[in-house]
Amino acid sequence: MKNISCPVLPHPAVTSSPPTTRRPPLAPFSIRRRPPLLPDTTQLYHLRRRYSSFSCSGQRPFLTHLKTGSGKTGAFALPILQALLEAPQAFFACVLSPTRELAIQIAEQFEALGSSIGVKSAVLVGGVDQVATPGRLVDHLSNTKGFSLRTIKYLVLDEADRLLNEDFEKSLDEILNAIPRERRTYLFSATMTKKVQKLQRACLRNPVKIEAASKYSTVDTLKQQFRFVPAKHKDCYLVYILIEKSGSTSMVFTRTCEATRLLALMLRNLGLRAIPISGQMTQAKRLGALNKFKAGECNILICTDVASRGLDIPSVDMVINYDIPTNSKDYIHRVGRTARAGRSGVAISLVNQYELEWYIQIEKLIGKKLPEFPAEEAEVLLLLERVTEAKRLSLMKIKETGGGKRRRGDDDEGDVEKSHTKNKRSSKRR
């Protein structure tokens, strides 16, 4: 069973001491009542105004379809925090998300938006020391003395289409059974699927539907391009684009965990500041890689689709699809990492002869033909010798450390860092 990650919001106004448990406590705390919350940004203000009429619509649930980068977290966090202030109680809201990183990000945004009332959140995820392992929320419900979701007033399913996959079905059913029927339910997704619609029968009665996007769409500030390339020269085109856009912050999406490591090593050997992130890395290393990318220590993040959902990384200028996604809906989530919150961004897809069918499905999904990224082939192939040598050294490094397949927890990031340090020393000697 995979992880269901969920920030759980204890109410700040409860002063009673937490129950004694065998697990780390999810403790409420005390504050003074403050004035109603105000959004920190103009965008969140307009979102709040846009959905305010629905927020006052009794107990009716929401089925919400918004474009990536349009402020979904603010759309559900602000009404919850406002209601929390008006009706104090413990364990007020539960937010479910499909990935650990997204759960941590949602918790951080709740605490940032609720800082004026001292709100705190507890993150239940797998793979970290703090609280949980896969299915741990269900485990807490069954085995932790004093832990209950019976007082929950709000349930949020973020990235609902992913949560409704078979991987999460059993745990989700148990969680829904543990939460009162008299609650507000929010379903948020950038892509609307049959599974999302199917859930209406399970837990949504007469839902309010909010669609601020066509079924599968991208934001207007996103410039999308493609480039047909021979498979044998795809690395050269990738390096060419990254050099041409050298001042940009970029996310490069691959299909496999092994490819993230190989590409990161290759780009480091060429003097580019790249770092990998994939599902084979430990949670601590994944968060470490994300933090380095956010802090600007590395401006190129090589990633699998583990980073395509919900993550709000400031100022990502460009997304490159090094491998075309086999599921065309994943394209929407990948390119949604740039052009967020009204900013502009670029998405470039490198399509080889074996990926043409998948690319055609993407164009059908988004309903438009994309322009071609301009590049002179002769100029690109000037990089061939350097790129080939950098890739050869990277493959040797991988072979020396035990081959392409990595066990979970092996130090991918450390290998990349060592490669970068060695490359810098070689440059100084020359």
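Letter by letter, the sequence shown follows residues 707 to 1136 of the numbering used here. Just so you know, even glycine gets a beta-carbon here, dropped at the ideal spot from N, CA and C.
Residue i, buried or exposed, once every other Cβ within 10 Å from all chains shown has been counted against 16
i	result
arginine 739	Model confidence at arginine 739 stands at a pLDDT of 37, short of 50, so the residue's coordinates are unreliable and nothing is read from them.
glycine 1108	exposed
tyrosine 1037	buried
serine 821	exposed
isoleucine 786	buried
aspartate 941	buried
tyrosine 946	buried
arginine 1098	exposed
proline 804	buried
alanine 818	exposed
glycine 1002	exposed
isoleucine 1030	buried
lysine 991	buried
threonine 747	Residue placement at threonine 747 is flagged as unreliable, the pLDDT there being 45, under the threshold of 50; the coordinate-derived value follows with that caveat. Classification for threonine 747: exposed.
isoleucine 949	exposed
aspartate 926	exposed
As assigned by DSSP and simplified to three states, the class of residue i
i	result
isoleucine 1030	coil
serine 848	helix
arginine 990	The question names arginine, yet the displayed sequence has alanine at residue 990. Helix.
arginine 967	helix
glutamine 857	It should be noted that the sequence gives threonine, not glutamine, for residue 857. Here threonine 857 sits in coil by DSSP.
serine 923	coil
glutamine 931	strand
threonine 891	strand
threonine 770	strand
valine 801	strand
aspartate 1023	coil
lysine 938	helix
leucine 996	helix
isoleucine 786	helix
lysine 778	helix
leucine 1017	coil
leucine 976	coil
Rounded C-alpha distance that separates residue i from residue j
i	j	result
proline 794	valine 829	20 Å
glutamate 875	glutamate 1069	31 Å
proline 1077	glutamine 930	7 Å
asparagine 871	lysine 778	21 Å
methionine 972	glutamate 865	33 Å
glycine 994	asparagine 912	43 Å
arginine 967	proline 982	6 Å
arginine 1015	leucine 808	7 Å
asparagine 849	tyrosine 1065	48 Å
leucine 1087	lysine 938	11 Å
threonine 770	tyrosine 892	7 Å
arginine 1049	glutamate 1091	37 Å
glutamate 1082	alanine 781	45 Å
leucine 861	serine 1034	29 Å
arginine 1040	leucine 928	12 Å
lysine 783	arginine 766	The displayed chain sequence assigns alanine, not lysine, to residue 783. Going from the Cα of alanine 783 to the Cα of arginine 766 covers about 17 Å.
arginine 933	proline 886	51 Å
proline 936	alanine 1045	29 Å
tyrosine 1060	alanine 789	52 Å
Whole-Å CB distance - residue i paired with residue j, under 8 Å assumed
i	j	result
leucine 969	isoleucine 1008	5 Å
Any non-hydrogen atom of the ligand MG within 8 Å of residue i CB
i	result
isoleucine 1006	As far as ligands go, the structure on display features none, and thus does not contain the ligand MG.
Quick one: complete beta strand (DSSP E) runs, 3+ long, within the segment 1035–1119? 1051–1057
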